[in-house]
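Trainee: Structure incoming, see below.
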Amino acid sequence: MDNPGKYRHKITFCKQIDDERTNNTITGQKLEPIKTVYASVRATSGTEKYLQERLSNTVSYDVRTRYYPELCDDTLIILHKGQRLEIRSVVNIGEKDTDLGFTCTKILREG
Numbered sequence: 004m005d006n007p008g009k010y011r012h013k014i015t016f017c018k019q020i021d022d023e024r025t026n027n028t029i030t031g032q033k034l035e036p037i038k039t040v041y042a043s044v045r046a047t048s049g050t051e052k053y054l055q056e057r058l059s060n061t062v063s064y065d066v067r068t069r070y071y072p073e074l075c076d077d078t079l080i081i082l083h084k085g086q087r088l089e090i091r092s093v094v095n096i097g098e099k100d101t102d103l104g105f106t107c108t109k110i111l112r113e114g
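Counting with this note's numbering, you get residues 4 to 114 for the letters of the sequence shown.
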C-alpha cells in the first residue's frame with residue numbers, strides 16, 4: 004500500500020505555445036494547461052554561476068507522480084506554487100507504468 008501523503012503537492016503540467024507571430028518575431032508566449040495532478044516535489048540541489056557578468060542561480064527538483072501517458076513529454080512545463088519548473092528528463096519508474104519521475108530545474112537570474 005502506498006503512503007497516502009506521498010503525493011501531496013498539487014501541480015499543473017503546461018505546454019508552452021507561441022502567443023502571436025509577426026514578421027517572424029515572437030511577441031509573447033503563453034502556457035496552456037494540460038493536466039493538474041498530485042505529486043511529490045523535492046528540491047535536490049542548487050548551483051550558482053557567474054556568466055556574462057550576471058549571476059545565475061539554478062535549483063534542481065525531483066518530481067514524482069502517478070503514470071499518465073500524456074505527461075511522458077519532456078517539453079512540458081510544471082507550475083508549482085507559482086514557480087515554473089522546466090523538465091529536463093522523464094523516467095517511467097520501474098518500467099511498470101505506475102509512477103513517473105521528472106528531473107526539473109528552476110532558474111533564478113539576478114543582475
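Virtual Cβ for every residue (Gly too), placed ideally from N, Cα, C.
Quick one: using the 10 Å Cβ neighbour count with 16 as the cut-off for buried, is Tyr64 buried or exposed?
Mentor: Buried: at least 16 other Cβ atoms inside 10 Å.
Trainee: Assign Cys75 to buried or exposed, taking buried as 16 or more other Cβ atoms, counted over all protein chains shown, within 10 Å of its Cβ.
Mentor: By the neighbour-count rule (16 or more Cβ atoms within 10 Å), Cys75 is not buried but exposed.
Trainee: Can you give me the C-alpha to C-alpha distance between Arg67 and Arg57, rounded to a whole angstrom?
Mentor: For Arg67 and Arg57, the distance between alpha carbons rounds to 32 Å.
Trainee: Of the residues Gln19, Asn95 and Thr47, which one's Cα is nearest the Cα of Tyr70?
Mentor: For the residues Gln19, Asn95 and Thr47, the minimum Cα distance to Tyr70 belongs to Asn95.
Trainee: How far does the beta strand (DSSP E) with Arg11 in it extend, from its first residue to its last?
Mentor: From DSSP, Arg11 is part of no beta strand (DSSP E); its letter is neither H nor E.
Trainee: Helix, strand or coil for Leu103? Go by DSSP, reduced to three states.
Mentor: Correct three-state label for Leu103: strand.
Trainee: Considering only the beta carbon of each residue, do Lys109 and Arg87 sit closer than 9 Å?
Mentor: In this structure, Arg87 lies closer than 9 Å to Lys109 by Cβ.
Trainee: My parser needs the beta strand (DSSP E) runs of 3 or more residues fully inside the stretch 53 to 78; what are they?
Mentor: 57 to 69, all fully within the stretch 53 to 78.
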